[in-house]
Each structure stands twice: as structure tokens, then as C-alpha cells.
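J.: Residue numbers (our numbering): 4 to 211.
Beta carbons are placed, not taken as given, at the ideal position from N, Cα and C, and that holds for glycine.
Just so you know, these numbers come straight off a predicted model, no measurement behind them.
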């Protein structure tokens with residue numbers, strides 16, 4: 004499996020925010036979002052066997068598998084099975100444009116899936132079939148830049164039935180939070196507004 008980096012930090016996003024977590028970042032993505040903050044993961048990295056990855060994870064109880072897009076790696080379903088067999092609580096961060104049918108259905112795996120809003124330039128690439136794999140243990144994220152993005156998200160949720168945790172965050176992780184809170188409150192959505200905690204602490208500096 005092609006790995007960009009492995010490191011221990013705190014989870015900066017979503018329901019597990021603040022939790023000490025071991026991150027496994029894979030190489031490559033099938034999207035090119037206008038505001039992507041992990042361009043460095045598009046190529047390079049090194050080959051690691053599944054056992055080498057598990058050895059790197061060690062005794063860390065919480066693991067985040069991210070990218071790039073992790074589900075582009077053919078061995079990813081097997082790695083996820085190995086992690087849950089070892090008792091790891093896994094967050095799988097996925098971009099919404101890659102088939103999730105091979106993700107193991109396990110209570111220890113939280114799918115953290117994006118729906119790309121218009122500012123990303125990738126809205127047309129979303130696979131709505133993936134919504135069927137989300138449950139109350141998972142989370143669906145909308146990264147929002149402006150009113151166009153927010154209105155798109157509201158309309159998307161009206162048109163597509165989802166029963167999972169909704170996360171709204173600002174592009175860049177920390178900007179326009181007050182505006183976004185106001186929009187969510189006015190909309191009546193049952194959703195969380197969350198910044199990216201790692202951006203508040205370390206800015207745009209890479210973890211490793």
C-alpha cells in the first residue's frame with residue numbers, strides 16, 4: 004500500500020475531535036478540490052505492507068485512515084479488517100466520490116464522508132449511492148465557503164434522505180465560523196458546526 008505519512012496527533016475534525024489518534028495517510032486522490040489542503044499527498048510516499056502499517060499503529064486505540072483518498076488503495080478493506088480485529092476504533096475519511104461498498108460493516112469503523120459543495124469544483128463527482136452505507140455511528144461533512152455552498156447543502160439534504168451525523172465546517176478550517184453558525188441556526192438543521200482543531204493549534208503546518 005502506498006503511504007504518504009504515519010503520525011500520532013489529535014483528531015482535528017468531526018465527532019472524535021480532540022482524541023489522541025494515530026493517522027495513516029495514503030497517497031493519491033481521484034478528485035482535485037479547489038481548496039485542498041493536502042496536495043502533498045497526491046504522489047510520492049513509500050510502499051508499506053499491511054503488517055508494517057499495523058506495526059506502526061502499535062497500541063494506539065484510535066486510528067484515522069485518510070488521504071488523499073484511502074479507498075483507492077486495493078488492500079484498504081483488508082487493512083480495515085485487520086484494524087478492527089485488533090480492537091482499533093477507526094475513522095475512515097473518504098471524499099464521497101469513491102465506492103464504499105467494500106468498507107467492512109463494523110461498529111468500530113466510523114465512515115467520515117464528504118459531500119463536495121460547489122466551491123470545491125467537484126460536486127458532480129459525488130456518488131449518492133454511498134449515502135446508503137452511512138448510519139448513526141458515521142458522519143457526513145459539508146465544507147462551506149459561501150451562501151452558494153450552504154444553500155447547495157440544504158437542498159442536497161432535502162433531496163436525499165440521510166440518517167447520520169451532519170457536520171458543517173468552513174473552508175480553511177477556521178474562517179467564517181460566526182457566519183456559518185448563523186446560517187445553520189437560521190436553517191433549523193440538526194447539524195454540528197465544527198472548526199478544524201489542528202488548524203487552530205498549528206495553522207497550516209504539517210504534523211510531520
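1. Fully enclosed by the region 44-101, which beta strand (DSSP E) runs are 3 residues long or longer?
2. Can you round the beta-carbon distance between residue 4 and residue 51 to whole angstroms, since I take them to be within the 8 angstroms contact cut?
3. Thinking C-beta only, is residue 37 closer than 8 angstroms to residue 123?
4. Under a Cβ-count criterion, where at least 16 other Cβ atoms within 10 Å of its own Cβ denotes burial, should residue 131 be classed as buried or exposed?
5. Between residue 83 and residue 110, which are expected to be in contact by the criterion C-beta below 8 angstroms, what is the C-beta distance as a whole number of angstroms?
6. Can you tell me whether residue 188 is buried or exposed? The criterion is at least 16 other CB atoms within 10 Å of its CB, across all chains shown.
7. Taking only the alpha-carbon atoms, compute the straight-line gap between residue 21 and residue 42 and give it to the nearest angstrom.
8. Is the separation between the beta-carbon of residue 142 and that of residue 170 shorter than 8 angstroms?
9. Any chance you could list the alpha helix (DSSP H) runs of at least 4 consecutive residues sitting entirely within the region 112-184, in chain order?
10. CB residue 134 to CB residue 165, shorter than 8 angstroms?
11. What's the call for residue 184, buried or exposed, on a 16-neighbour Cβ count within 10 Å?
12. Under 8 angstroms between the Cβ atoms of residue 117 and residue 90?
13. Whole angstroms are fine: how far does the CA of residue 148 sit from the CA of residue 174?
14. What residues are listed by DSSP as bridge partners for residue 24?
15. Would a C-beta distance cut-off of 8 angstroms place residue 60 and residue 44 closer than the cut-off?
16. Nearest CA to the CA of residue 202: which residue from 6, 8, 13, 7?
17. Is residue 195 helix, strand or coil by DSSP?
18. Could you check the C-alpha separation between residue 167 and residue 182 for me, to the nearest Å?
19. Give me the Cβ distance between residue 101 and residue 33, rounded to the nearest whole Å; I'm assuming they're in contact under 8 angstroms.
20. With a Cβ-Cβ cutoff of 8 angstroms, do residue 119 and residue 125 count as a contact?
21. For residue 16, count the other beta carbons within 10 Å of its own beta carbon; 16 or more makes it buried, fewer makes it exposed. Which is it?
22. What do you get for residue 105, buried or exposed, if any count of 16 or more other CB atoms within 10 angstroms of its CB means buried?
T.: Put simply:
1. DSSP runs (the beta strand (DSSP E)) wholly in the region 44-101: 65-69, 92-97.
2. 6 angstroms
3. In contact: residue 123 and residue 37 (Cβ atoms closer than 8 angstroms).
4. Classification of residue 131: exposed, given that the 10 Å Cβ count is below 16.
5. The Cβ separation is near 13 angstroms, so there is no contact.
6. exposed
7. 24 angstroms
8. yes
9. 150-162
10. yes
11. exposed
12. no
13. 5 angstroms
14. 12
15. Between residue 60 and residue 44, the gap from beta carbon to beta carbon reaches 8 angstroms or more.
16. 13
17. strand
18. 24 angstroms
19. 6 angstroms
20. yes
21. buried
22. exposed
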